[in-house]
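The number in my numbering is simply the position in the sequence shown, starting from 1, with 107 added.
A virtual CB, placed ideally from N, CA and C, is assigned to each residue, including glycine.
All of these numbers come straight from a predicted model, not from anything done at the bench.
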Amino acid sequence: MKRIALIVIRVIWRLPYWWGYKVNKYKHIDKYSADERYGFIHQVVAIVTRKARVELECYGVENLPKKSGYFVAPNHQGLFDPLAIFQTHSRPIRAIVKKELASVILVKDVYT
């Protein structure tokens, strides 16, 4: 929990820009492609990962199917799993979230 608090402190000054401008901008799915929208989320996750001072090493990505989909089931023990998955997958991904998270600020904006 301490790491999450430190991440928030390190990136809180960026939140108005991310949420107020970028997230609202990319909500218009008719204007921006999925790759552009995913690129924004990928940049945000890269910044948050760097501010968390976490070095991610991902093995076996080359074994994932290139054309068809696949299912990844993180265990969320450290609450960092969603960020790690976004950071290590270059293709756009979809998430299944519990109902309670669908109303959390920023999560609901990115999820929908």
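Whose C-beta lies closer than 6 angstroms to the C-beta of residue i among residues of the same chain, with five residues either side of it excluded?
i: Y139; result: Y133
i: I119; result: none
i: N131; result: none
i: Y177; result: L171
Could you tell me whether the Cβ atoms of residue i and residue j are closer together than 7 angstroms?
i: P199; j: Y145; result: yes
i: V193; j: V155; result: Residue identity check: residue 193 is Phe in the sequence provided, not Val. Not in contact: F193 and V155 (Cβ atoms no closer than 7 angstroms).
Return the residue from the list the options that minimises the CA-CA distance to residue i.
i: K109; options: A159, E169 and W120; result: A159
i: K129; options: I111, V115, H149 and V204; result: H149
i: E162; options: F187, L122 and S210; result: F187
i: N182; options: L190, S175 and I136; result: L190
i: R201; options: D137, I116 and A141; result: A141
i: Y124; options: K174, I203 and F147; result: F147
Residues in its own chain within less than 8 angstroms of residue i by CB, not counting five upstream and five downstream?
i: V168; result: T195 and H196
If I measure Cβ to Cβ from residue i and keep anything under 7 angstroms in the same chain, skipping five residues before and after, which residues do I get?
i: I111; result: L186
i: I114; result: V155, K158 and A159
For this session: Could you pull out every unbroken alpha helix (DSSP H) segment of at least 4 residues lying fully inside the segment 130-175, listed in chain order?
Result: Secondary structure within the segment 130-175: the alpha helix (DSSP H) runs of 4 or more consecutive residues, fully enclosed, are 141-158 (chain order).
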